[in-house]
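Comments concern the structure below.
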Amino acid sequence: MSSRHSPDPNLCPRSLVLAFACLLGACNGGSSADITGTGDRPDSEQGEVQGYGSIIVNGTHYETGNDTQILIDGESGAASDLALGMQVEVEVDAGQLRRNGAQARRIRFNAMIEGPIDSIDLERQVLVVMGMDVQIDLLSRLLDQDRQVLNLTDLAVDDIVQVSGYPRAAGGVFATYLRRQPPRQDPFFLRGRVESLQAGSKRFFINDLEVDYGSAGLIDPDTPENGDLVEVQGRPDSAAPRFKAERVSELRDADAVPARRGGVQGVIRSIDTNSQCPELRFVINQRPARVDANTVYHNGGCEDLQADRRVQAIGSFDANGTLQVEQLAIAPELTAIVMAQIESISPAGSPGTAEDALCTLRVWGNLFIDIGPETRQGYTDGRQNNRGYSCESATTGETIMVIGNYQAMPPNDRIAAALLAPGPEFQSSSQFENLAVAAGQIETISAGSRRFRLLGTLVQVSNQTDFGESGEAEFFAQTQPGDFVSAIGNWNGSVIQAMAVRRKFSRDFE
Numbered sequence: 000m001s002s003r004h005s006p007d008p009n010l011c012p013r014s015l016v017l018a019f020a021c022l023l024g025a026c027n028g029g030s031s032a033d034i035t036g037t038g039d040r041p042d043s044e045q046g047e048v049q050g051y052g053s054i055i056v057n058g059t060h061y062e063t064g065n066d067t068q069i070l071i072d073g074e075s076g077a078a079s080d081l082a083l084g085m086q087v088e089v090e091v092d093a094g095q096l097r098r099n100g101a102q103a104r105r106i107r108f109n110a111m112i113e114g115p116i117d118s119i120d121l122e123r124q125v126l127v128v129m130g131m132d133v134q135i136d137l138l139s140r141l142l143d144q145d146r147q148v149l150n151l152t153d154l155a156v157d158d159i160v161q162v163s164g165y166p167r168a169a170g171g172v173f174a175t176y177l178r179r180q181p182p183r184q185d186p187f188f189l190r191g192r193v194e195s196l197q198a199g200s201k202r203f204f205i206n207d208l209e210v211d212y213g214s215a216g217l218i219d220p221d222t223p224e225n226g227d228l229v230e231v232q233g234r235p236d237s238a239a240p241r242f243k244a245e246r247v248s249e250l251r252d253a254d255a256v257p258a259r260r261g262g263v264q265g266v267i268r269s270i271d272t273n274s275q276c277p278e279l280r281f282v283i284n285q286r287p288a289r290v291d292a293n294t295v296y297h298n299g300g301c302e303d304l305q306a307d308r309r310v311q312a313i314g315s316f317d318a319n320g321t322l323q324v325e326q327l328a329i330a331p332e333l334t335a336i337v338m339a340q341i342e343s344i345s346p347a348g349s350p351g352t353a354e355d356a357l358c359t360l361r362v363w364g365n366l367f368i369d370i371g372p373e374t375r376q377g378y379t380d381g382r383q384n385n386r387g388y389s390c391e392s393a394t395t396g397e398t399i400m401v402i403g404n405y406q407a408m409p410p411n412d413r414i415a416a417a418l419l420a421p422g423p424e425f426q427s428s429s430q431f432e433n434l435a436v437a438a439g440q441i442e443t444i445s446a447g448s449r450r451f452r453l454l455g456t457l458v459q460v461s462n463q464t465d466f467g468e469s470g471e472a473e474f475f476a477q478t479q480p481g482d483f484v485s486a487i488g489n490w491n492g493s494v495i496q497a498m499a500v501r502r503k504f505s506r507d508f509e
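The sequence shown begins at 0 in numbering that gives the first Met the number 0 and counts up by one.
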């Protein structure tokens, strides 16, 4: 995963760096939680906000209107409060699940944790928030309290942050959305399911963070049980990496209410080793799920399922609450960054368009980008918080930003897109008219011709190319196929004329 590679602070000239940092940085206080029932149970699905129009969750467009109830951390909110990356639950009338244009009855957002940052590891791209590891990657959307885009390096120890994301198999969370909060003295909170309960010592765990509820003034219910979905208000323990609870409240648990159909987007947290393909059993976030020979896959197959892999699943629930998966989309791995001008757009079903793709974009002559139902689509630089961006709004000639999984398939190499967004505002500047950004693994390299191939595209260096602290000779001497490299330059129709090159594949450029 690209999140394991450290940031590089000197990729390109300052004006370009700042804009690129904003673009990549978006790859975007506790209150009482809603615990009311729903009466007749509608269908629902859970996942991150992938785009707008009115809202996209798990690849489906749901409409919002005056009759849509929106709850933000238990408080009444508006559609404008919803942001890319937020983990939400969408309820629709029975039979309307996964129907584009269906009216959302209710949309709920509850953050997973809110509190001060204990430490920041830039190399691993990990924050520790009140003792809980928070993993940042290329799709994590980081915002300031006024919704301006942040980079990881903008955050500091003791900053208060609110995090939404997925439980990781190894503990902690994958952040899909993080927002810095103003300083305050009120108690902090975390939300999740009770695990490893030790009733005698009044302790349990949430995503591998120990919670001591021995001195909690109010506990509802009186005795927590493993599997309960709870909100814990309190403060970090200064003497140990644990959370001292002042209040424990049971949350409304959508998973505990029988429903006929539903969907979930998240990370595979565990796989039942007593099962095997095609009849595999596993847990998505904290939802038991199973696939069988009738499951339809997108972007992979049963053999690609593994711990910490991002997936989107839709199906029906059995009597035990297990999701029988009918369709499962496997999210692309994050191995490539591209910024380029669109040369052509092929709608779904066109020759050369990948199966299940909503559309395929062509850049740099023969690099094809497949936009699928698992692609996050939307503005990511803080300019347009509530506008969508998709196959329908993309136009030939404009600059786009894509993050996804590169696959070498000459002569038509492809990227399965995890993120599609419009390019930066300076794209119309003559200086950056043919702006090209490529980051990924080197395929071939030749010091003699001063070239290398990256994402199926030739990159040409010159005497004007900035190599940072190292020089050109050192770069070619130390770089070999398979190394991650980032390049920024101009596309001339046959090669990228590099302005800057670095031996890094990074999320933050500042």
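The C-beta atom is built at its ideal place from N, Cα and C for all residues, glycine as well. None of these values were measured; they are calculated from a predicted model.
Please classify D227 as buried or exposed, where buried requires at least 16 neighbouring CB atoms within 10 angstroms.
buried
Give me, in chain order, the residues of the same chain whose beta-carbon lies closer than 7 angstroms to that of A407; leave out the 5 immediate sequence neighbours on both sides.
Excluding the 5 residues flanking it on each side, A407 has same chain C-beta neighbours closer than 7 angstroms at E442 and G455, in chain order.
Between the stretch 103-116 and the stretch 158-172, can you find at least three pairs of beta-carbon atoms closer than 8 angstroms?
yes
Looking at C-alpha atoms only, which residue of N433, L434, A476 and E468 is the closest neighbour of R450?
A476
Can you have a look at D271 and say buried or exposed, based on whether 16 or more other CB atoms are within 10 angstroms of its CB?
exposed
Tell me the residue span of the beta strand (DSSP E) that contains A353.
Looking at the DSSP string, A353 is not in any beta strand (DSSP E), and its letter there is neither H nor E.
Determine the extent of the alpha helix (DSSP H) in which Q477 is found, giving its start and end residues.
If you look at Q477, you'll find it in the alpha helix (DSSP H) that goes E471 to Q477.
How many Å lie between L83 and Q49 at the Cα?
6 angstroms
In this structure, how does DSSP classify S53 when only helix, strand and coil are distinguished?
coil
Let me make sure I understand the geometry here. Which of N57, E194 and S75 has the alpha-carbon closest to that of N65?
Each of N57, E194 and S75 was checked against the Cα of N65, and the nearest Cα belongs to S75.
Residues of its chain near R308, where Cβ-Cβ distance is below 6 angstroms and the 5 sequence neighbours each way are ignored
I267
Can you list, in chain order, the stretches of the beta strand (DSSP E) that have 3 or more residues and sit fully within the stretch 285-373?
286-289, 295-297, 309-316, 322-329, 335-340, 343-346, 358-362 and 366-370, all fully within the stretch 285-373.
Alpha-carbon spacing of S392 relative to C301, whole angstroms:
33 angstroms
Using three-state DSSP, classify K503 as helix, strand or coil.
coil
With a Cβ-Cβ cutoff of 8 angstroms, do I119 and V128 count as a contact?
no
If you draw a straight line from the alpha carbon of N9 to that of G470, how long is it in whole angstroms?
Any reading at N9 must be qualified, since the residue scores a pLDDT of 35, below 50, and its modelled position is unreliable; the value itself is stated next. If you take the alpha carbons of N9 and G470, they lie about 13 angstroms apart.
Below 8 angstroms on the Cβ atoms is my guess for G360 versus I341; work out the distance and round it to an integer in Å.
The sequence given here has Leu at residue 360, not Gly. Correct: roughly 5 angstroms between the Cβ atoms.
Could you give the DSSP three-state label for T59: helix, strand or coil?
Residue state, collapsed to three classes: strand.
Burial state of V494 (16 or more Cβ within 10 Å)
buried
Going by CA-CA distance only, name the one from N57, A486 and F173 that's closest to R123.
Among N57, A486 and F173, the Cα nearest to that of R123 belongs to F173.
Counting C-beta neighbours from all protein chains within 10 Å, is the total for L126 16 or more, i.e. buried, or is it exposed?
buried
Looking at the strands, I want to know which residues DSSP matches up with M131.
Note: M131 sits in a beta bridge opposite V128.
Taking L457 as part of the beta strand (DSSP E), name the residues at either end of that continuous run.
T456 to Q459
Rounded separation between R192 and F203 - CA only
10 angstroms
Helix, strand or coil: which one does DSSP assign to T398?
Look at T398 here: in three-state DSSP terms it is strand.
From R140 to V263, what does the alpha carbon distance come to, in whole angstroms?
20 angstroms
Beta carbon of G261, beta carbon of P186: below 8 angstroms?
no
Taking 8 angstroms as the threshold (C-beta atoms), are I69 and Y61 in contact?
Result no, Cβ atoms of Y61 and I69 do not sit closer than 8 angstroms.
Nearest neighbour of V91, chosen from G130, Q45, Q134 and V133 [CA to CA]:
Q45
Identified DSSP bridge partners for V494
Assignment of beta-bridge partners to V494 by DSSP yields no partner.
Nearest-angstrom Cα separation, counted from A486 out to S345
27 angstroms
Distance check for T374 and F108, CA to CA, integer angstroms please.
F108 and T374 have their alpha carbons spaced roughly 21 angstroms apart.
Local conformation of S274 per DSSP, three classes
coil
What is the DSSP secondary structure of S269, reduced to helix, strand or coil?
strand
Would you mind working out which of T321, L333, V295 and E47 sits nearest E354, comparing C-alpha positions?
V295
By DSSP's criteria, V193 is part of a beta bridge. Which residues make up the other side?
Its beta-bridge partners do not exist; DSSP assigns none.
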